[in-house]
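Every number in the working numbering is 3 more than the matching position in the sequence shown, counting from 1. The beta carbon of each residue, even a glycine, is placed where N, CA and C say it ideally should be. The structure under discussion appears below in the form of structure tokens.
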Amino acid sequence: MARSVQEDVLLSHNVEFAQNVWKIGLRPDKRAALQAREISVEFPLLSRDTVQVRCGETSVIAKTACELVEPNPYRPKHGFFNFQSRQLFQERDNPQKVKELKKLNSFLERLFRDNVVETEGLCVLPGRRVWSLQVSVIVVNDEGNVKDVAQWAVLNVLRHFRRPQITLRGDEITVHPPHEREPTPLALHHLPVCTSLAVTLSPKEVELEARVATLQNRPNQNENALWLIVDPTATESRAAASLITVAVNAEGMVCALERTEGCDVSWDLIQKCIEAATNMSKYVLQIGEDAARAHEEKIKAAIKSQFAWAKERLGVGKSNDDAAEPPLKKQKTDEPTH
4 MARSVQEDVL LSHNVEFAQN VWKIGLRPDK RAALQAREIS VEFPLLSRDT VQVRCGETSV
64 IAKTACELVE PNPYRPKHGF FNFQSRQLFQ ERDNPQKVKE LKKLNSFLER LFRDNVVETE
124 GLCVLPGRRV WSLQVSVIVV NDEGNVKDVA QWAVLNVLRH FRRPQITLRG DEITVHPPHE
184 REPTPLALHH LPVCTSLAVT LSPKEVELEA RVATLQNRPN QNENALWLIV DPTATESRAA
244 ASLITVAVNA EGMVCALERT EGCDVSWDLI QKCIEAATNM SKYVLQIGED AARAHEEKIK
304 AAIKSQFAWA KERLGVGKSN DDAAEPPLKK QKTDEPTH
């Protein structure tokens with residue numbers, strides 16, 4: 004649905020307000036320049052295939068599933084690793100959202116396929132059976148920086164997901180359910196974490212303001228301005244001169260660097276982006292590890308509870324005192340013979 008005139012006017016005022024407060028060294032939501040909104044990672048189900056990640060008001064759900072299928076005849080030793088990104092029902096007819104989701108899906112595929120999960124490692128029996136790994140990304144709410152939140156969700160669900168164990172006997176493949184054999188985690192090469200940053204002022208604007216301030220003999224308005232901010236909101240993203248996304252893995256190596264349409268960015272500013280992304284990656288990975296550890300404890304507690312219920316229902320382990328005593332047998336007595 005198209006935005007109304009009132010919404011466009013309000014958006015324009017919010018963008019102008021963000022640009023003005025940046026020039027005095029502030030942000031509209033009072034955050035520091037390199038401060039992200041509150042991040043949470045939650046596994047809502049007992050299974051390990053679903054995760055919900057929130058960053059402020061932005062929320063994304065990622066779900067993973069796998070099955071054994073026939074491989075592509077032209078790539079008999081490679082499995083399948085596909086993404087599907089979609090918005091909630093009320094946004095499905097928004098053409099701008101559809102375009103953004105296509106870009107998001109393409110970005111996730113470039114970042115994860117063959118870099119994090121090798122399709123060749125998904126082969127079970129060449130030419131016969133391979134794993135098909137499907138990742139569904141659902142954007143629940145987009146209040147800015149949805150690319151990062153979606154990438155964090157995919158990363159956490161892939162780290163926590165377990166595929167069934169299999170047994171090969173010749174050409175016969177046996178898939179073992181979880182109660183028979185413990186599922187196996189995916190083999191991930193590295194763990195990239197995306198961090199998006201907004202460049203608030205373009206070099207041309209900075210140069211122009213410096214010249215005007217010199218000619219008018221007044222202070223430069225950009226002396227205290229914020230040049231770079233982490234985790235931009237939807238309004239800040241529209242007000243920014245350019246957006247930069249940096250993916251850094253746990254070892255501090257840069258895995259991806261992407262700039263949207265906008266102003267040119269100097270190499271010094273890019274280095275600052277990489278430094279901020281490195282610090283952010285450690286923070287996000289730690290949140291995911293803590294959430295996965297808490298979920299494992301939740302699974303163990305649920306299994307223990309189910310076992311206790313089954314034990315009580317079947318009466319396993321009851322003491323002899325609690326059990327019903329068998330009836331006494333009638334003793335035979337020797338009768339006197341006459």
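- For W25, the closest C-alpha among the options D52, T203, L13 is that of T203.
- Between the alpha carbons of P206 and Y77 lies a distance of about 49 Å.
- Counting only the Cα atoms, N85 lies some 28 Å from I277.
- Remark: C-beta atoms of N118 and D234 do not approach each other more closely than 7 Å.
- Residue pairing for F83: DSSP places it in a beta bridge opposite S135.
- Bounds of any beta strand (DSSP E) do not take in Q289; it lies within the alpha helix (DSSP H) bounded by 270-317.
- In the three-state DSSP reduction, S15 falls in the helix class (H, G or I).
- CA-to-CA, the gap between K80 and L125 works out to about 8 Å.
- Distance between S308 and Q289, taken at the CA atoms: about 29 Å.
- Sequence-distant partners of E146 (beyond 5 residues in either direction) whose C-beta falls short of 8 Å from its own C-beta, in its chain, are G59, E60, T61, T236, A237.
- Contact between the region 40-48 and the region 124-143 is absent: fewer than three C-beta pairs spanning the two stretches fall below 8 Å.
- Under the Cβ criterion (8 Å, minimum of three pairs), the region 267-285 does not count as touching the region 165-175.
- By the neighbour-count criterion, in which 16 or more other beta carbons inside 10 Å mark a residue as buried, E239 falls on the buried side.
- With a threshold of 16 other beta carbon atoms within 10 Å, S109 falls short and is exposed.
- Judged by DSSP secondary structure, A237 falls within the alpha helix (DSSP H) whose first and last residues are 237-242.
- Non-local beta-carbon contacts of G28 in its own chain, meaning distances under 7 Å to residues more than five positions away in sequence, involve N227, A228, L229 in chain order.
- For V157, the enclosing alpha helix (DSSP H) begins and ends at 149-163.
- The C-beta distance from L104 to L158 rounds to 18 Å, too long to fall under 8 Å, and the pair is not in contact.
- Nearest neighbour of K303 by Cα position, chosen from A35, A280, S50, turns out to be S50.
- For the 7 Å CB-CB criterion, W155 and V18 do not form a contact.
- For E112, there is no enclosing beta strand (DSSP E); the enclosing alpha helix (DSSP H) covers residues 98-115.
- Shortest Cα-Cα distance from E123 to any of A190, A244, R30 involves A190.
- The Cβ atoms of V63 and A153 sit closer than 7 Å to each other.
- For I42, the pairing in a beta bridge is given by DSSP as C58.
- Beta-bridge pairing by DSSP links R172 to E175.
- Looking at the DSSP output, Q90 sits in a beta bridge with V142.
- Around the CB of D271, fewer than 16 other CB atoms lie within 10 Å, so the residue is classed as exposed.
- Judged by their CB atoms, A297 and L114 are not nearer to each other than the 7 Å cut-off.
- Between D52 and R262, the alpha-carbon positions lie close to 31 Å from each other.
- In the assembly as shown, L136 is a buried residue. Its beta-carbon has 16 or more other beta-carbons within 10 Å.
- For A250, the uninterrupted beta strand (DSSP E) run begins and ends at 245-251, by DSSP.
- Straight across, the Cα-Cα distance linking P180 with T198 is about 38 Å.
- By the C-beta density criterion, L107 is buried, having at least 16 other C-beta atoms within 10 angstroms.
- Rounded to the nearest angstrom, the gap between the Cα atoms of R30 and R89 is 30 Å.
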